[in-house]
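Residue numbers (numbering that gives the first Met the number 0): 0 to 148.
Where is the CB? At the ideal position from N, CA and C, for every residue including glycine.
Report on one structure; see the data block that follows.
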Amino acid sequence: MMNFAFAVNGKNYEVTASPMKRLLDVLRDDLAMTGTKEGCGEGECGACTVIMDGLLVLSCMVPVCQVQGKQITTIEGLATEGKLHPVQEAFHENGGAQCGICTPGMILAAVYYRDHPDAAEDLLEALAGNQCRCTGYTRILQSIKAAFS
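Encoded structure:
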C-alpha cells in the first residue's frame, strides 16, 4: 500500500491504495464519486471516461500510481454552483440518457471535443471510443448538437 495525492474536480485528495488499483475503483470506492461508471472494465466502452491533466482517459485502464499529482475531472466536476454544464443540461432536455451507464463518458467526451475541436474530424469521431447499448445514439447526438448550438 502506498499514498497517492491528486486533485479531483478541483479538490485535493490523498488515498492509500495498492499502486495498481484502478483509478475507476479509487474514484467510486475510496472517494464515493459514483458518477464514473464501469461498463466493460477493459477500456473498450468509454463509460469510465474522465479528463486527466486535460486529456481524456479511461479510468479502468489507469492505475492509481499514475495519478500522483494529476488533476482529474469527473462527471461530478462539470456542474458549477449547482448548475449543470450545458452538455449535461442538453442530455437532460433532449433525452440523451437512457440507462445511464454510458452517459458520463459520452458527456465528458463531448465536453472535451467542444473544448478541443481539433481532436477529431467531427462529432462521430470524437465519440468513437464511447459505446451505448441502449439508445442507438440518435438522442445522444441530438443532445450534443443542441448543447453546441
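Notebook entry, point to check: Which whole-angstrom value is the C-beta distance of alanine 16 and methionine 32, which I expect to be below 8 Å?
Noted result: The residue labelled residue 16 in the question sits at position 17 within the sequence shown. The residue labelled residue 32 in the question sits at position 33 within the sequence shown. Not confirmed; about 15 Å, so no contact.
Check: Per DSSP, leucine 55 is paired with what?
Finding: Your numbering for residue 55 matches position 56 in the sequence shown. Looking at the DSSP assignment, leucine 55 forms a beta bridge with Ile50.
Notebook entry, point to check: Residues bridged to glutamine 70 by DSSP?
Noted result: Your numbering for residue 70 matches position 71 in the sequence shown. BP columns for glutamine 70 point to Ala6.
Checklist line | Proximity winner among Val110, Gly135, Thr137, relative to alanine 78 (alpha-carbon distances) | finding: Position 79 of the sequence shown, counting from 1, holds the residue named residue 78. Taking only the C-alpha atoms, the option nearest alanine 78 is Val110.
Margin query: Considering only heavy atoms of the ligand COA, does any lie closer than 7 Å to the CB of asparagine 129?
Written below: The model on display carries no ligand, and the ligand COA is accordingly not part of it.
Next item on the list: Please classify methionine 105: does DSSP put it in a helix, a strand, or coil?
Entry: One-based indexing of the sequence shown puts residue 105 at position 106. Here methionine 105 sits in helix by DSSP.
Notebook entry, point to check: Mind checking whether valine 49 and phenylalanine 3 have CB atoms under 8 Å apart?
Noted result: The sequence position of residue 49 within the sequence shown is 50, counting from 1. The sequence position of residue 3 within the sequence shown is 4, counting from 1. Taking 8 Å as the Cβ cut-off, valine 49 and phenylalanine 3 do not qualify as a contacting pair.
Check: Can you check whether the CB of glycine 38 is closer than 8 Å to the CB of cysteine 101?
Finding: If you number the sequence shown from 1, residue 101 lands on position 102. If you number the sequence shown from 1, residue 38 lands on position 39. Yes, these two residues count as a Cβ contact at 8 Å.
Notebook entry, point to check: Between which two residues does the alpha helix (DSSP H) harbouring valine 151 extend?
Noted result: With the chain covering 0 to 148 only, the question about residue 151 has no answer from this structure.
Check: Going by beta carbon distance, what residues of the same chain come within less than 6 Å of glutamine 97, once the five residues before and after it are set aside?
Finding: Within the sequence shown, residue 97 is the residue found at index 98, counting from 1. Contacts found: Cys133, Thr134.
Margin query: Would the region 56-71 count as touching the region 19-26 if we require 3 or more Cβ pairs under 8 Å?
Written below: Taking 8 Å as the limit for Cβ pairs, the verdict is that the region 19-26 does touch the region 56-71.
Notebook entry, point to check: For the putative contact between glutamine 70 and alanine 118, defined by C-beta atoms under 8 Å, what is the C-beta separation to the nearest angstrom?
Noted result: For the purposes of this step, residue 70 is identified with residue 71 of the sequence shown, where counting begins at 1. For the purposes of this step, residue 118 is identified with residue 119 of the sequence shown, where counting begins at 1. About 18 Å separates the two Cβ atoms, so there is no contact after all.
Note to self: Considering just the uninterrupted stretch of the alpha helix (DSSP H) at glutamate 124, what are its terminal residues?
What the structure shows: For the purposes of this step, residue 124 is taken as the residue at position 125 of the sequence shown. Element bounds for glutamate 124: 122-125.
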